[in-house]
Amino acid sequence: METSELLKKVRQIEIKTRGLSNNIFAGEYHSAFKGRGMTFSEVREYQYGDDIRNIDWNVTARFNHPYVKIFEEERELTVMLLIDVSGSREFGTSFKYKKNVITEIAAVLAFSAIQNNDKIGVIFFSDKIEKFISPQKGRKHILHIIRQLISFTPENRTTNIGEALRYLTNAIKKRCTAFVISDFMDDDFENPLKIANQKHDVVALKVYDKRETEMPSVGLVKLKDAESGAYSWIDTSNRKVRDSFERHWIENDENTKSIFRKCGIDNTSIRTDEDYVKALMYLFKKRI
1 METSELLKKV RQIEIKTRGL SNNIFAGEYH SAFKGRGMTF SEVREYQYGD
51 DIRNIDWNVT ARFNHPYVKI FEEERELTVM LLIDVSGSRE FGTSFKYKKN
101 VITEIAAVLA FSAIQNNDKI GVIFFSDKIE KFISPQKGRK HILHIIRQLI
151 SFTPENRTTN IGEALRYLTN AIKKRCTAFV ISDFMDDDFE NPLKIANQKH
201 DVVALKVYDK RETEMPSVGL VKLKDAESGA YSWIDTSNRK VRDSFERHWI
251 ENDENTKSIF RKCGIDNTSI RTDEDYVKAL MYLFKKRI
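Going by UniProt numbering, the first residue of the sequence shown is number 1, and it counts up by one from there.
#1: Answer yes or no: do I102 and V218 have a C-beta to C-beta separation smaller than 7 Å?
#2: To test your reading of the DSSP string, which unbroken alpha helix (DSSP H) runs of 4 or more residues are found completely within the UniProt domain "VWFA" (78 to 220)?
#3: Going along the chain, which residues of its own chain have a beta-carbon closer than 6 Å to the beta-carbon of K9, five neighbours each way excluded?
#4: Between the Cα of R44 and those of V59, H30, S31, spot the shortest distance and give me the residue it belongs to.
#5: Can you find the residues in the same chain that come closer than 6 Å, C-beta to C-beta, to E190, ignoring five residues on each side of it along the sequence?
#6: Taking contact to mean 3 or more Cβ pairs, one atom from each stretch, closer than 8 Å, check whether the region 86 to 102 and the region 49 to 66 are in contact.
#7: Between which two residues does the alpha helix (DSSP H) carrying Y231 extend?
#8: Quick check on the burial criterion: 16 or more other C-beta atoms within 10 angstroms. Buried or exposed for A196?
#9: Select from T153, V221, R147, D235 the residue whose C-alpha is nearest the C-alpha of E5.
#10: Ends of the beta strand (DSSP E) at I265?
#11: Please say whether D186 and I145 have beta carbons closer to each other than 7 Å?
#12: Within 10 angstroms of its Cβ, does K140 collect 16 or more other Cβ (buried), or is it exposed?
#13: Provide the residue span of the alpha helix (DSSP H) that contains G19, from first to last.
#14: Applying the criterion that 16 or more other CB atoms from any shown protein chain within 10 Å of the CB defines a buried residue, is S86 buried or exposed?
#15: Specify the secondary structure class of E254 as computed by DSSP and reduced to three states.
#16: Which term fits H248, buried or exposed, when burial requires 16 or more other beta carbons within 10 angstroms of its beta carbon?
#17: Leaving out five residues before and five after V241 in sequence, what residues of the same chain have Cβ atoms less than 7 Å from its Cβ?
#18: Could you give the distance in angstroms between the alpha-carbon of T17 and the alpha-carbon of S244?
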């Protein structure tokens, strides 16, 4: 992609996503995520109405009178975007490829973070860590992230979500809010997700295409696996073939949601031909 074309696309995404962040997501983002980062401030004597779960039993025993711990909201959070750049993101049958939707969602979250004085960083992953952008602030940093979202070419095409989560757990020492943005075409990430969510506040955003859920009857077609590169001929006019395709999607989707439930992960699913704004707003409000 030539530099002029890249800059044009960066500018288009900046205008759209910054507007969404400023006009729609600002209050919801702050309420949904800022209150999650609390640091210890001091202790004081217990007052009527205080939460008994905040009683400091050591200080209470020392003075023979109840004392409670006081926490204050962290003024600055670190937000990490874990972006799936495997081959399957290049699929799309409606108005946008999955990678285009992923780029816009990531940009909206990045502008929301900066607007709330938070640092934003990115981990690009396939079946390995493809690129790490350390958390920083500022518009220049955001535009660098958007450029990478548009133009980055991964070395590998298969997916390993667990590898990205392990990297997050080890690389980011301070508790952060981490958005995993992927189609979640992987089923071996439950344990790394559980560990990551114990240290950080992990949120899952699943991006998928309508044609991944059902197959139209269009006769004999040649399909290519975007990650393995393997080709296969499929008779889509066969009802059993279409039913098997749909069952496979349902089973994988239910397995992914089951993993999210067991790990206590807030999540939402976003289809490429639907409005991601509604899905994100619903997720944000659910966390308030």
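Note that the Cβ used here is the ideal one computed from N, Cα and C, for glycine as well. Note that the structure is predicted; figures quoted are calculated from it, not measured.
Quick look at the numbers:
#1: It is not a contact, given that the beta carbons lie outside the stated cut-off.
#2: Within the UniProt domain "VWFA" (78 to 220), the complete alpha helix (DSSP H) runs of at least 4 residues are 98 to 115, 139 to 151, 161 to 171, 190 to 199.
#3: Excluding positions up to five away in sequence, the list reads I150.
#4: Per the Cα distances, V59.
#5: These residues qualify, in order along the chain: I259.
#6: The region 86 to 102 vs the region 49 to 66: no contact.
#7: From DSSP, Y231 is part of no alpha helix (DSSP H) but of the beta strand (DSSP E) over 231 to 235.
#8: Under a 10 Å Cβ-count criterion, A196 is classified as buried, with 16 or more other Cβ atoms of the shown protein chains found around its own Cβ.
#9: The option with the nearest alpha carbon to E5 is R147.
#10: Neither: I265 is in no beta strand (DSSP E) and is coded neither H nor E.
#11: Not closer than 7 Å, so no.
#12: The residue is exposed, with fewer than 16 neighbouring Cβ atoms inside 10 Å.
#13: Here the alpha helix (DSSP H) through G19 covers 3 to 20.
#14: Classification for S86: buried.
#15: Here E254 sits in helix by DSSP.
#16: Taking all protein chains in view, the Cβ of H248 is surrounded by fewer than 16 other Cβ atoms within 10 Å, so the residue is classified as exposed.
#17: Around V241: I234, D235.
#18: C-alpha of T17 to C-alpha of S244: approximately 38 Å in a straight line.
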